[in-house]
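Enquirer: Below is a structure I'd like to ask you about.
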Amino acid sequence: MEQADSTTPFIRNAWYVVAEAAEVSRTPMARTVLGTSVMLFRTQGGPVVALANRCCHRSFPLVHGTVDGDTIVCGYHGLRYDTTGQCIEIPMQKSVPASLRVRAFHTAEKGPFVWIWMGERPPAEGDATPHQEWLDHPDWAVRVGYLHVKGSYVHLHENLLDLSHLSFLHAKTFGTPEYARAPVEMNCEGENLEVWRHVHCELPAIYARPLGWTGARAIRSSGSRYVSPGLHVNTGIFRNLDLPEEAQSPQPMVRVAQLVTPESAVTTHYWTAQARNFVTNDAEMGEFMIKAQVEAFREDAFALQQITEMQALSAADGLREVSIPTDKAGVLMRRRLKKLADLEQTMQGTDN
Amino acid sequence: MEQADSTTPFIRNAWYVVAEAAEVSRTPMARTVLGTSVMLFRTQGGPVVALANRCCHRSFPLVHGTVDGDTIVCGYHGLRYDTTGQCIEIPMQKSVPASLRVRAFHTAEKGPFVWIWMGERPPAEGDATPHQEWLDHPDWAVRVGYLHVKGSYVHLHENLLDLSHLSFLHAKTFGTPEYARAPVEMNCEGENLEVWRHVHCELPAIYARPLGWTGARAIRSSGSRYVSPGLHVNTGIFRNLDLPEEAQSPQPMVRVAQLVTPESAVTTHYWTAQARNFVTNDAEMGEFMIKAQVEAFREDAFALQQITEMQALSAADGLREVSIPTDKAGVLMRRRLKKLADLEQTMQGTDN
Amino acid sequence: MEQADSTTPFIRNAWYVVAEAAEVSRTPMARTVLGTSVMLFRTQGGPVVALANRCCHRSFPLVHGTVDGDTIVCGYHGLRYDTTGQCIEIPMQKSVPASLRVRAFHTAEKGPFVWIWMGERPPAEGDATPHQEWLDHPDWAVRVGYLHVKGSYVHLHENLLDLSHLSFLHAKTFGTPEYARAPVEMNCEGENLEVWRHVHCELPAIYARPLGWTGARAIRSSGSRYVSPGLHVNTGIFRNLDLPEEAQSPQPMVRVAQLVTPESAVTTHYWTAQARNFVTNDAEMGEFMIKAQVEAFREDAFALQQITEMQALSAADGLREVSIPTDKAGVLMRRRLKKLADLEQTMQGTDN
Chain Z
17 MEQADSTTPF IRNAWYVVAE AAEVSRTPMA RTVLGTSVML FRTQGGPVVA LANRCCHRSF
77 PLVHGTVDGD TIVCGYHGLR YDTTGQCIEI PMQKSVPASL RVRAFHTAEK GPFVWIWMGE
137 RPPAEGDATP HQEWLDHPDW AVRVGYLHVK GSYVHLHENL LDLSHLSFLH AKTFGTPEYA
197 RAPVEMNCEG ENLEVWRHVH CELPAIYARP LGWTGARAIR SSGSRYVSPG LHVNTGIFRN
257 LDLPEEAQSP QPMVRVAQLV TPESAVTTHY WTAQARNFVT NDAEMGEFMI KAQVEAFRED
317 AFALQQITEM QALSAADGLR EVSIPTDKAG VLMRRRLKKL ADLEQTMQGT DN
Chain E
17 MEQADSTTPF IRNAWYVVAE AAEVSRTPMA RTVLGTSVML FRTQGGPVVA LANRCCHRSF
77 PLVHGTVDGD TIVCGYHGLR YDTTGQCIEI PMQKSVPASL RVRAFHTAEK GPFVWIWMGE
137 RPPAEGDATP HQEWLDHPDW AVRVGYLHVK GSYVHLHENL LDLSHLSFLH AKTFGTPEYA
197 RAPVEMNCEG ENLEVWRHVH CELPAIYARP LGWTGARAIR SSGSRYVSPG LHVNTGIFRN
257 LDLPEEAQSP QPMVRVAQLV TPESAVTTHY WTAQARNFVT NDAEMGEFMI KAQVEAFRED
317 AFALQQITEM QALSAADGLR EVSIPTDKAG VLMRRRLKKL ADLEQTMQGT DN
Chain A
17 MEQADSTTPF IRNAWYVVAE AAEVSRTPMA RTVLGTSVML FRTQGGPVVA LANRCCHRSF
77 PLVHGTVDGD TIVCGYHGLR YDTTGQCIEI PMQKSVPASL RVRAFHTAEK GPFVWIWMGE
137 RPPAEGDATP HQEWLDHPDW AVRVGYLHVK GSYVHLHENL LDLSHLSFLH AKTFGTPEYA
197 RAPVEMNCEG ENLEVWRHVH CELPAIYARP LGWTGARAIR SSGSRYVSPG LHVNTGIFRN
257 LDLPEEAQSP QPMVRVAQLV TPESAVTTHY WTAQARNFVT NDAEMGEFMI KAQVEAFRED
317 AFALQQITEM QALSAADGLR EVSIPTDKAG VLMRRRLKKL ADLEQTMQGT DN
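Protein chains in written order, with this note's numbering: chain Z, 17 to 368; chain E, 17 to 368; chain A, 17 to 368.
This is the structure in structure tokens:
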């Protein structure tokens, strides 16, 4: 199969969000990422340590241990690990063999998120975290939500890249009927995987209410951009046709970083960071907007779960998907994911 | 193995009840039949449409879509299907490739039930639905019950064909001690698979109470007839030995259509339609009788679930069943199911 | 792999506790042992009968049948079995083929427990139940507790053989910080697999309170002895350094029989019989001690479940354990279990 789906191996040499920065503290926490259980805590100095959660001795999860200074002490037999994953103390003996260690993962804290690199090779110079600057820029107000999705991250990316579904799946939340038939621009040249729709409509409440544009004629330009296996960016630009242009400067926009982290083949951690450049000081309106967005995204989570269950049921019947022109960017994205996964599998093969 | 069991492939070229007629409306509903999820709704004219529930585009269940006239619009991207399963509209484009379609299944509405044909080939002239005329005949009053059975339809048929278990499994409901030892007649010639028992006993309350025969000496003649993979018919004929024959005309009878529809290898939809030719106008007594019957059938459902769990646990130990003479009709029935399944597998093989 | 783990076949030619004596009555009960469902009841004379729970006819569990004299009557079709597992009556026919039978298992009732032998061959002369005499000796007071452990019996034995984990896993219950660093004696010669630790400490409440030694300086000598696949014995000997030796005669001790019975590859029945030679007449203190012990053992059950889940998650990543010197006895024990299992597999192979 040329396109990635839920059976495609994970792409490990990439950055994924593993936690919100505010979640990680001196108390250890665990999270499963790409099928591996990872244990996280902050050192005394602040940086986030990420170790394989499985003690190399008898497989007890380190998360049930105790953080002591910048070390973690296993809660079963007391093996102590430093921040590099090296075991540095076994209470029952004097010395520790150098071979006793667990994997340590690279992390990077950027704005509201902690990123993790699960690959065998360390991140190279070109492997910057795909952090978006507007997530911690003073002109933008940001709110973060989280959903646990019972579906593959591949299908979540595909969902985010083709927003024609807003007219149907989100008909009762932030979609409008005109959406599916609006003109589309696709930019799939080179590295780009970007889709734009320009919709003449009355804005849905999630944007109309904070903008004070309820009932006004507007153009909603919606952009979807695949950035990396762990990140998708959606943008909304709003123009009020009943207001002079100069009254809309800076142009009201929302930018949404969609943090897509595979937990297992068929479950996904889904953080969404919604940034707005209007009513930035209105906390109540910010709360209204993130709640409305998460509420709409629950519909996506529902659809992805239904699709996962249907695909499981249909596997025996010989499941087949049919693609249509609007899927172009999604199909290219899925081919790209497949190629990256294949490449990693090949490289792993040559290493052994 | 010569006899069908829960591992035998389903027999698809046969009629199965998919729903009660009263269940199916203009609002789409889904039901899994022979491992396939089917979506049902009524057209404006009334007939029941049955389509594969999986949208051929991205596998979202059509049941979450919207019925519009005689079409169903997928709730994810708005693909519109007609009653033949052909996709006739994609909102994001002008034309629709003819290849975009989902399977449509033949249905037939007869009396209280809607039947479905899941086979690859259409039902032929000889493939009439095994509808029983007395299910909508004025001399008979009919009540329908439903149980979801966590066991194979093969074992349910076997259970229905040998009622010697009434003395044990149903000792507290509608069985009596004489049942297991009563004389048996088997008719397994040609197409027939029929077993009769004539039991001298005091009738159980389920029949004695509506007949007003409580405490009377009676003969209960019980017949079991395997009709098709989806249907079994049980008959009870009651004779009161303390009453003159002429006072028992027409002879009181119950006829029970047992609608047996595999959902998965180890779960079965089980509708039971109980028809009586006595107290036909007494709704309260009808309610009493169907409740008593469903209550007794819960004991069968319990047994079949226990058997399924026990077989799963015993699979590693090398599960083996031993048959006894009373199983004769059941074993012949299981051989017939196996032969039908084998035949379909062979035909499928030659098609490819 | 040289060491047993959760994937190693069960060792069947050994005695395991199947029930507390007080549990088994004239009413049949079922318990799964080594992956096989066993049905137990007492004959009129008292001895415990253990039969395969699956009726050889149609796999209905015999536990749902009825005990009649010293026989059990299947609750589905009334097949009657004697205490040897032979079917001796089929209500629907006159004779019963000798081949209709279920397996009967040897049992032995000793003190508070009923033992079972699941092996293909009967227990030989050298196969005495590993019953410990102090379990029904007048100098000892015994209390029994039970835990259902979601982990392999192999890991439970390993847990019991190396008590260095008391300082960590049981830090809040009956462990003390000195435990892990205390001197160790290992006796792994010949048949022996025994580990002792002598810990200078203030005794934890579970022992200090009934002894009246709260706050006193003491030596806690802790012994772990692997006896058989189904039994581990732990011993605690307590010396009060603030009291003259003559005031501690007989030396206060607890002996704990750990009855370890695999239910499935990853679940274990775990009975613990705690015997004490002090405050033997104080029922309230006995209750306090067994409750405190079971409470501590819940921490082991938690750890074993966590380990099982972590191993399942890590299987795809290529799970590997690393052992350290304190694991010596545990590793030898796991090798011994592996050897026994291999031997049984080989013998089974030559039988066929």
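Ideal placement from N, C-alpha and C gives every residue a C-beta, glycine not left out. Here the structure is a predicted model, which is why all the values come from computation and not from measurement.
1) With a cut-off of 8 Å, does the C-beta of E:I88 fall near any C-beta of chain Z?
2) Which runs of the beta strand (DSSP E), 3 residues or longer, sit entirely within the segment 58–84 of chain Z?
3) Do three or more CB pairs link the segment 106–114 of chain E to the segment 335–355 of chain Z at distances below 8 Å?
4) Could you list which residues in chain B have their beta carbon closer than 7 Å to that of Z:C72, in chain order?
5) Is it the case that the segment 46–55 of chain E contacts the segment 114–134 of chain E, given that we only count it when at least three CB pairs across the two stretches are under 8 Å?
6) Are the Cβ atoms of A:R42 and A:V83 separated by less than 8 Å?
7) Note the first and the last residue of the continuous alpha helix (DSSP H) segment covering A:H171.
8) Alpha carbon to alpha carbon, how far is A:N293 from A:G191? Give it in angstroms, no decimals.
9) Contact between the segment 250–268 of chain E and the segment 231–240 of chain E is defined here as three or more beta-carbon pairs at a separation below 8 Å; is this criterion met?
10) Among all the DSSP beta bridges, which residues are the ones paired with Z:G161?
11) Any beta carbon from chain E within less than 8 Å of Z:S330's own beta carbon?
12) Measure the Cβ-Cβ separation of Z:F121 and E:G91 and say whether it is below 8 Å.
13) Can you pull the chain E neighbours of Z:R351, defined as C-beta to C-beta under 9 Å?
14) Would you give the residue range spanned by the beta strand (DSSP E) that A:T87 belongs to?
15) If contact means a Cβ-Cβ distance below 9 Å, which residues of the segment 278–304 of chain Z contact chain E?
16) What are the boundary residues of the beta strand (DSSP E) that includes E:R47?
17) With DSSP run on the structure shown, which of helix, strand or coil describes E:I323?
18) Taking the beta carbon of A:E174 as the centre, do at least 16 other beta carbons fall within 10 Å, making it buried, or is it exposed?
19) Measuring only the C-alpha atoms, how far is Z:T99 from Z:T284?
20) Consult DSSP for Z:L247 and reduce its assignment to one of helix, strand or coil.
21) Contact between the segment 275–282 of chain E and the segment 142–159 of chain E is defined here as three or more beta-carbon pairs at a separation below 8 Å; is this criterion met?
22) Looking at the structure shown, is Z:A124 part of a helix, part of a strand, or coil, going by DSSP?
23) With a 10 Å radius around its C-beta and 16 neighbouring C-beta atoms as the bar for buried, classify Z:N297 as buried or exposed.
24) Does the distance from the CB of E:K354 to the CB of E:A20 come in under 8 Å?
25) From the DSSP output, in three-state form, read off Z:G346 for me.
26) For the beta strand (DSSP E) containing E:L275, name the first residue and the last one.
27) What separation, rounded to the nearest whole angstrom, lies between the Cα atoms of A:P373 and Z:N250?
28) Measuring straight from C-alpha to C-alpha, what distance separates A:F71 and E:Q264?
29) Beta strand (DSSP E) containing A:Y32: first to last residue?
30) Spatial neighbours of Z:H147 within its chain, please: C-beta separation below 7 Å, excluding the five flanking residues on both sides.
31) Please confirm whether E:L179 and E:R314 have their CB atoms less than 8 Å apart.
32) Indicate whether at least one CB of chain A lies closer than 8 Å to the CB of Z:P268.
33) Work out the CA separation of Z:A331 and A:H248 for me, nearest whole Å.
34) Distance, Cα to Cα, E:N208 vs E:A68?
35) Which bits of chain A does E:Q274 rub up against, with CB to CB less than 8 Å?
36) Please identify the residue among Z:S240, Z:A289, Z:F76 whose C-alpha is closest to the C-alpha of Z:A35.
Expert: Judging by the given coordinates:
1) Translated into positions along the second sequence, residue 88 of chain E becomes position 72. Under the 8 Å criterion on CB atoms, E:I88 is classed as non-interfacial with respect to chain Z.
2) Taking only runs of at least 3 residues, the beta strand (DSSP E) segments lying wholly in the segment 58–84 of chain Z are 64–68, 82–84.
3) For the pair of segments examined, the segment 106–114 of chain E was found to touch the segment 335–355 of chain Z: the number of CB pairs separated by less than 8 Å reaches three.
4) This model lacks chain B altogether; the protein chains it does include are Z, E and A.
5) The segment 114–134 of chain E vs the segment 46–55 of chain E: in contact.
6) Position 26 of the third sequence, counted from the start, is the residue given in the question as residue 42 of chain A. Position 67 of the third sequence, counted from the start, is the residue given in the question as residue 83 of chain A. With a cutoff of 8 Å on beta-carbon distance, A:R42 and A:V83 are scored as near each other.
7) For this step, residue 171 of chain A is matched to residue 155 along the third sequence. Looking at the DSSP string, the run of the alpha helix (DSSP H) that includes A:H171 is 169–177.
8) Counted from its first residue, the third sequence places residue 191 of chain A at position 175. Counted from its first residue, the third sequence places residue 293 of chain A at position 277. Cα-Cα distance, rounded: 21 Å.
9) These segments touch.
10) The residue you call residue 161 of chain Z lines up with position 145 of the first sequence. As a beta-bridge residue in DSSP terms, Z:G161 pairs with Z:T288.
11) Counted from its first residue, the first sequence places residue 330 of chain Z at position 314. With respect to chain E, the C-beta atom of Z:S330 has a partner C-beta closer than 8 Å.
12) Mapped onto the first sequence, residue 121 of chain Z falls at position 105. Mapped onto the second sequence, residue 91 of chain E falls at position 75. The Cβ atoms of Z:F121 and E:G91 lie no closer than 8 Å to each other.
13) The residue you call residue 351 of chain Z lines up with position 335 of the first sequence. Simply none; closest approach about 16 Å.
14) Within the third sequence, the letter at position 71 stands for residue 87 of chain A. Counting along the chain, the unbroken beta strand (DSSP E) around A:T87 starts and ends at 87–89.
15) Identification of residues in the segment 278–304 of chain Z having a C-beta nearer than 9 Å to some C-beta of chain E yields an empty set.
16) Taking the second sequence and counting its residues from 1, the one referred to as residue 47 of chain E is at position 31. Per DSSP, E:R47 belongs to the beta strand (DSSP E) from 45–49.
17) Taking the second sequence and counting its residues from 1, one reaches residue 323 of chain E at position 307. Taken through DSSP and simplified to helix, strand or coil, E:I323 comes out as helix.
18) If you number the third sequence from 1, residue 174 of chain A lands on position 158. That one is buried.
19) Along the first sequence, one-based indexing puts residue 99 of chain Z at 83. Along the first sequence, one-based indexing puts residue 284 of chain Z at 268. Cα to Cα, the separation comes out at about 27 Å.
20) Along the first sequence, one-based indexing puts residue 247 of chain Z at 231. In this structure, Z:L247 counts as strand in the three-state DSSP scheme.
21) Put simply, the segment 275–282 of chain E does not touch the segment 142–159 of chain E. Fewer than three CB pairs are less than 8 Å apart.
22) For this step, residue 124 of chain Z is matched to residue 108 along the first sequence. Z:A124 falls in the strand class under three-state DSSP.
23) Mapped onto the first sequence, residue 297 of chain Z falls at position 281. Z:N297 comes out exposed.
24) By 1-based counting over the second sequence, the position of residue 354 of chain E is 338. By 1-based counting over the second sequence, the position of residue 20 of chain E is 4. Contact: yes.
25) Start at 1 with the first residue of the first sequence, and residue 346 of chain Z comes out as number 330. Z:G346: helix per DSSP, three-state reduction.
26) Mapped onto the second sequence, residue 275 of chain E falls at position 259. Residues 269–280.
27) This structure leaves residue 373 of chain A out entirely; chain A is present only between 17 and 368.
28) Here residue 71 of chain A is taken as the residue at index 55 of the third sequence, counted from 1. Here residue 264 of chain E is taken as the residue at index 248 of the second sequence, counted from 1. Per the sequence shown, residue 71 of chain A should be read as Cys rather than Phe. C-alpha of A:C71 to C-alpha of E:Q264: approximately 42 Å in a straight line.
29) Walking along the third sequence from the start, residue 32 of chain A turns up at place 16. Segment 31–36, the beta strand (DSSP E) holding A:Y32.
30) For the purposes of this step, residue 147 of chain Z is taken as the residue at position 131 of the first sequence. K126, G127.
31) For the purposes of this step, residue 179 of chain E is taken as residue 163 along the second sequence, with counting starting at 1. For the purposes of this step, residue 314 of chain E is taken as residue 298 along the second sequence, with counting starting at 1. No.
32) If you number the first sequence from 1, residue 268 of chain Z lands on position 252. Nearest CB-CB separation between Z:P268 and chain A: not below the 8 Å threshold.
33) Reading the third sequence from its first residue, position 232 is the one you call residue 248 of chain A. Reading the first sequence from its first residue, position 315 is the one you call residue 331 of chain Z. Between A:H248 and Z:A331, the alpha-carbon positions lie close to 47 Å from each other.
34) Mapped onto the second sequence, residue 208 of chain E falls at position 192. Mapped onto the second sequence, residue 68 of chain E falls at position 52. E:A68 has its alpha-carbon roughly 34 Å from the corresponding atom of E:N208.
35) Walking along the second sequence from the start, residue 274 of chain E turns up at place 258. The contacting residues do not exist; E:Q274 stays about 18 Å from chain A at best.
36) Numbered from its first residue, the first sequence carries residue 35 of chain Z at position 19. When C-alpha distances from Z:A35 are compared across Z:S240, Z:A289, Z:F76, the shortest belongs to Z:A289.
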